[in-house]
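Input: a single structure, listed below in C-alpha cells.
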Amino acid sequence: MITVGASQATAVEGQPFPVSLQCGTNLRGNPFPTVQWKSNDGTVVTSGGRYSLDNGPSNVHLNISNVDQSSNGTWMCILSNGVLSPVVVNISLFVLGKNGFS
C-alpha cells in the first residue's frame, strides 16, 4: 500500500531552507518497495550536493537545497518491488523568482 503525497509544490528561488517533495507514505509490500527519484530532465537523483533522500517506511521525501530556476519542472518518484508494476508519482515543482513571481 502506498499513500501518495502532494502532486505539486511551490518554492521561492534562494529560500534559506530546502524544498521537500513527498512521494508517498505508509509504504508496504513484500518485497518492500525500492524508491528511485528522477529530476525534471530525467536524470536519476542520488543523495549528495543539493539533494538528500529520506526514503523510509513512514515517508518518502526528496529534499532540494538552494532551489533555483533549474529546479522548476516535474520530478518523478518511482516505487517498485519487482513483482507488481512500478508506481510512478509525478510532482510538479514551481519555482518563483526571488521577488515571488515566476
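Numbering (this note's numbering), first residue to last: 1 to 102. C-beta atoms are modelled at their ideal positions from N, C-alpha and C, and glycine is treated no differently. Predicted model, so just to flag it, every value in this text is computed and none were measured.
Cα separation between residue i and residue j?
i	j	result
G97	Q15	10 Å
I78	C23	9 Å
S92	T74	4 Å
V111	E13	Past the boundaries of the shown model lies residue 111; the chain is included only from 1 to 102, so the question cannot be answered.
Could you name the residues of the same chain whose beta carbon sits closer than 6 Å to that of residue i, not counting the 5 residues immediately before and after it, in chain order?
i	result
V45	W37, S39, Y51
Got a sec: is the Cβ-Cβ distance from residue i to anything in chain B below 7 Å?
i	result
Q8	You won't find chain B in this structure, because it holds only one protein chain.
Return the chain-ordered list of same chain residues with a C-beta closer than 7 Å to the C-beta of residue i, the five sequence neighbours on each side being excluded.
i	result
V88	M76, I78
M1	A caution first: M1 carries a pLDDT of 37, below 50, which makes its placement in the model unreliable, though a value can still be read off. Within the same chain, M1 has close Cβ partners N26, R28.
Would residue i and residue j be called neighbours here (beta carbons separated by less than 7 Å)?
i	j	result
N90	P33	no
V95	S71	yes
Taking C-alpha atoms, which residue in the options lies nearest to residue i?
i	options	result
V83	P18, L21, P31, V19	P31
If I follow the unbroken beta strand (DSSP E) through residue i, where does it start and stop?
i	result
G56	51–56
L79	73–80
With respect to 6 Å, is the separation between the Cβ of residue i and the closest non-hydrogen atom of the ligand HEM below this value?
i	result
C23	Judged by which ligands are present, the structure shown has none, so any question about the ligand HEM falls away.
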